[in-house]
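Residue numbering for the sequence shown follows the numbering used here, beginning at 899 and increasing consecutively. All C-beta atoms in this analysis are idealised placements derived from N, C-alpha and C, irrespective of residue type, glycine included. Heads up: the structure comes next, in structure tokens.
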Amino acid sequence: MTHNEPTPEPFVILAMPRTGTHYLEELLNEHPTVLSNGELLNEYDPNWPSTDRLLGTDRELLELAYVRCPMRDYKNVTHLGCKINEPQFRERPAFFAELARWPALKVILVVRRNVLESLRSFVQA
């Protein structure tokens, strides 16, 4: 008899830069069954294998994020996600539409109400 492991429920964190998504990811990753793997479209994010992933189609990128993703062995992951900042969509204009079609995707939208605080944070970074 084979035992099929359930597929983790997918989620994405969408935001503008400097809105606190890094901190949110750290909090989510403290949970024993949640894994957020960082910025899928950021070529410098160390959570993802090589930058060659960005040469694939939008669908292939999402499959990497939600099907063939880098997992952490010590977690029994039930919820799996990544983060995408708005400017990254500009380089892949069809990506958002492909993301919206992903089955059972949950979206966490992060908005920083005080735009001046975002600008201050950007200058400090």
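In the structure shown, the three-state DSSP call for N1012 is coil. For A998, same chain residues with a beta-carbon under 8 angstroms away, outside a window of 5 residues either side, do not exist.
Taking a contact to require three or more Cβ pairs closer than 8 angstroms, the stretch 996-1016 and the stretch 935-947 do not qualify as touching. Note on S934: 16 or more other CB atoms within 10 angstroms of its CB, so buried under the neighbour-count rule. Setting aside the 5 residues that flank it on each side, T976 is surrounded in the same chain by P906, E907 and T931, each with a C-beta closer than 7 angstroms to its C-beta; the list follows chain order. Contact check for D956 and R990: beta-carbon distance about 6 angstroms, within the 8 angstroms limit, so the pair qualifies.
For the options N945, V1013, T919 and N927, the alpha carbon positioned closest to that of K973 is the one of N927. By the C-beta density criterion, E923 is buried, having at least 16 other C-beta atoms within 10 angstroms. No Cβ-Cβ contact shorter than 7 angstroms links L978 with L912. Shown here for L962: same chain residues with a beta carbon closer than 7 angstroms to its own, the five before and five after excluded, namely R951 in chain order. Positions of the beta strand (DSSP E) runs, each at least 3 residues long and wholly inside the stretch 924-972, are given as 932-937 in order along the chain. Looking at the DSSP output, L1007 bridges to L912.
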